[in-house]
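For reference, the structure discussed in these notes is given below.
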Amino acid sequence: GAGVSQSPRYKVAKRGQDVALRCDPISGHVSLFWYQQALGQGPEFLTYFQNEAQLDKSGLPSDRFFAERPEGSVSTLKIQRTQQEDSAVYLCASSLRGEGLAKNIQYFGAGTRLSVL
Amino acid sequence: AQSVTQLGSHVSVSEGALVLLRCNYSSSVPPYLFWYVQYPNQGLQLLLKYTSAATLVKGINGFEAEFKKSETSFHLTKPSAHMSDAAEYFCAVLVNTGNQFYFGTGTSLTVIP
């Protein structure tokens, strides 16, 4: 596609519900990133994939957060038993190559705004 | 450890005036530094980046930034603000691993007509 697409754009969940957020990266992009952006804050790194391999998940805040990219394209971020502190905008980004971002531009999606009531 | 600090969460300038958005970094090794812009309901867009080449970096939309090692700064400037520059601006440093950013808390720029 022309850009990184995320769905849904808005999600309201009751506390304790499970949610799944989808990211369609730019076609052919090797690297995929998830970020969490709380209100009034900068994005915080959650996890990174190179093709289908999850190479870094050091930013996932708890074991309730799980991400996958089984075929090396679309990725899903799943949050189990949502809590109010999970309310944030979840951003997905992709980049063409698997090498470091010093030489490799990240393209961001518009994000999914999750509100947990 | 790497981190960035953006001084001033809100900046207002008159249309045509100089834009100056401040970013200071902390890094134990020579950093890679970035500025991103975020328009409402859109994803982040790369404005410019410093990757140890020229210290004065020119980006899109007339923005530029200067890397000053002695001041550990990477401030973003634009000589003449335009109404379309109103947005949220984020400074970021790249972690050694090469695939993890630390973002600042952002500066919201308002342009007054």
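Keeping their order, the protein sequence lines are chains A and B. Numbering-wise (our numbering), the first sequence opens with residue 14 and increments by one. Numbering-wise (our numbering), the second sequence opens with residue -13 and increments by one. Even for Gly, the Cβ is constructed at its ideal location relative to N, Cα and C.
The alpha-carbon separation between S128/A and Y48/A amounts to approximately 16 Å. If you draw a straight line from the Cα of L33/B to the Cα of V32/A, it comes to about 33 Å. Using a Cβ-Cβ distance cut-off of 8 Å, the region 107 to 120 of chain A and the region 38 to 53 of chain A are in contact, since at least three pairs of beta carbons, one from each stretch, lie closer than that value. Across the set W21/B, T58/B, V43/B, G48/B, the C-alpha of W21/B shows the shortest separation from the C-alpha of F87/B. The Cβ-Cβ distance between V(-3)/B and L4/B does not fall below 8 Å. F121/A belongs to the set of residues whose beta carbon lies under 8 Å from a beta carbon in chain B. For S66/B, the CB contacts under 6 Å within the same chain, skipping 5 residues up- and downstream, are G2 in chain order. Pairwise C-beta distances place the region 63 to 83 of chain A out of contact with the region 118 to 128 of chain A, as fewer than three of them are shorter than 8 Å. Boundaries of the beta strand (DSSP E) around L6/B: 5 to 7. Inclusion of V79/B and Y11/B in the CB contact set at 8 Å is warranted, their separation being smaller than that value.
Interface annotation for the region 98 to 122 of chain A against chain B: L104, A106, E112, G113, L114, A115, K116, I118, Q119, Y120, F121, G122, criterion Cβ-Cβ distance under 8 Å. Under the criterion of beta carbons closer than 8 Å, G29/A and T95/A qualify as touching, at roughly 7 Å. Using a CB distance cut-off of 8 Å, L33/B does not count as an interface residue toward chain A. When the five nearest sequence neighbours on each side are left out, the beta carbons in the same chain lying within less than 6 Å of the beta carbon of K35/B are those of F20, in order along the chain.
In the structure shown, E57/A falls within a strand segment according to DSSP collapsed to helix, strand and coil.
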